[in-house]
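A.B. asks: Once you know that position 16 of the sequence shown is 16 in the numbering used here, the rest is easy, because the numbers rise by one and skip nothing. From the three backbone atoms N, C-alpha and C, an ideal C-beta is built for every residue, glycine too. These numbers were taken from a predicted model, which means no experiment stands behind them.
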Amino acid sequence: MKKFDKYIASIRLVFLERMAYTKGLWFDIVSTLVSILLYFLLWQIVFREQSSIAGFTAIEMTTYVILSKILSAQFSGGVNLIFSKWIVAGEIGTELLRPMGLFALLGMRRMGEFFFSIIFQAIPVLIFGYFFLGGVGPASMMHLSLFFLSVIISVGIMFYVEMLFGMGCFYTLSYYALTYTKQALMELFSGGVVPLALFPGVMADILNILPFAGMVSIPVNIFLGKYTAWESWFYIGVELFWCAVLWVITHVVYRHVIKKVVVQGG
1 MKKFDKYIAS IRLVFLERMA YTKGLWFDIV STLVSILLYF LLWQIVFREQ SSIAGFTAIE
61 MTTYVILSKI LSAQFSGGVN LIFSKWIVAG EIGTELLRPM GLFALLGMRR MGEFFFSIIF
121 QAIPVLIFGY FFLGGVGPAS MMHLSLFFLS VIISVGIMFY VEMLFGMGCF YTLSYYALTY
181 TKQALMELFS GGVVPLALFP GVMADILNIL PFAGMVSIPV NIFLGKYTAW ESWFYIGVEL
241 FWCAVLWVIT HVVYRHVIKK VVVQGG
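1) In three-state DSSP terms, what is S72?
2) Could you tell me which of V245, R255 and Q183 sits nearest to A73, measuring between CA atoms?
3) DSSP puts T181 in a beta bridge; with which residues?
4) How many whole angstroms separate the CB atoms of W242 and P211, which I take to be in contact at a CB cut-off of 8 Å?
5) Note down, one range per segment and in chain order, each beta strand (DSSP E) of at least 3 residues found wholly within the segment 187-246.
6) DSSP three-state label for F56, please.
7) What residue does the alpha helix (DSSP H) around G24 start on, and which one ends it?
8) Cutting at 6 Å between CB atoms, please list the residues of its own chain near L32, excluding the five before and the five after it.
9) For a quick check, are the C-beta atoms of F114 and V155 less than 8 Å apart?
10) Thinking C-beta only, is M215 closer than 8 Å to S232?
11) Consult DSSP for S269 and reduce its assignment to one of helix, strand or coil.
12) Excluding the 5 residues preceding and the 5 following G166 in the sequence, name in chain order all residues of the same chain whose CB lies nearer than 7 Å to its CB.
13) Would you kindly work out how many angstroms separate the C-alpha atoms of I36 and I123, rounded to a whole number?
14) Would V262 be called buried (16 or more neighbouring beta carbons within 10 Å of its own) or exposed?
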């Protein structure tokens, strides 16, 4: 029970930290809305010439844009930032001495960031987007349930990818390039920029089974009913597979890099 209380306290701490910077919160909301609006206008121009693209109608593409931008809004943050800063500042040694393990501590922070994003960013943006731009609801209650399940699993994928990029700082001692690289890869290969169905055939097939697809493409396509029930469960299985693979890779890499703890600047 005490361990559970520590987890809740870690999540609560993230909420308190984020609420302390209300201007930053408003900026995130506005920037997400602007991004949605720009993509919406772009797709409206494209759909003037045709009724569907890669199996998406105009209203479905609007829904895809809204949901994908909400999910991909988390890519600019992540635990790799605080992990990298600990390494660069030479604080990683202190963090390793805390009662809560490093993975548990950062994992709870990631969950806190996710829940904060859903409550204070996703819900307002979703309401605004659907009210002013329109959109379609879930294909069915089953698809809605599987959508939420897929999104929850995607948090695990994001966490392990962020941990790997964070650990890269042990070698670079600089987190700016790694952070921007991570964000760019996640945006492009997750379907956060355009649906993966728009990529050339073989490339689309490959991207659909990579871990990045589980962050945006898989949950949104499930929501829209682009997958049958069997296909939805298959892709959720793909997400779980990558969670397990990334768990192993992350822990193997961690055991290697933790031996290279370097304090920069003394």
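C.D. replies: Here's the rundown:
1) Locating residue 72 in the sequence shown gives position 72, counting from the first residue. Correct three-state label for S72: helix.
2) In the sequence shown, residue 73 corresponds to position 73, counting from 1. When each option's Cα is compared against that of A73, the closest is Q183.
3) The residue labelled residue 181 in the question sits at position 181 within the sequence shown. Per DSSP, none; premise fails for T181.
4) Within the sequence shown, residue 242 is the residue found at index 242, counting from 1. Within the sequence shown, residue 211 is the residue found at index 211, counting from 1. Confirmed, about 4 Å.
5) none
6) Sequence index remark: in the sequence shown, residue 56 carries index 56 (1-based). F56: strand per DSSP, three-state reduction.
7) Stepping through the sequence shown from its first residue, residue 24 is reached at position 24. That run of the alpha helix (DSSP H) goes T22 to V46.
8) Indexing the sequence shown from 1 puts residue 32 at position 32. Residue identity differs from the one stated: residue 32 is Thr in this sequence, not Leu. Around T32: K69, A73 and V125.
9) Taking the sequence shown and counting its residues from 1, one reaches residue 114 at position 114. Taking the sequence shown and counting its residues from 1, one reaches residue 155 at position 155. In this structure, V155 lies closer than 8 Å to F114 by Cβ.
10) Numbered from its first residue, the sequence shown carries residue 232 at position 232. Numbered from its first residue, the sequence shown carries residue 215 at position 215. Not in contact: S232 and M215 (Cβ atoms no closer than 8 Å).
11) Since the first residue shown for the chain is 1 and the last is 266, residue 269 is missing from the structure and cannot be characterised.
12) As a position in the sequence shown, residue 166 is number 166, starting the count at 1. These residues qualify, in order along the chain: V79, N80, F83 and S84.
13) Here residue 36 refers to the residue found at position 36 of the sequence shown. Here residue 123 refers to the residue found at position 123 of the sequence shown. Spanning the two alpha carbons is a distance of roughly 14 Å.
14) By one-based count along the sequence shown, residue 262 stands at place 262. Per-residue confidence for V262 stands at a pLDDT of 48, beneath the threshold of 50, marking its modelled position as unreliable; the derived number appears in the next sentence. Under this definition V262 is an exposed residue.
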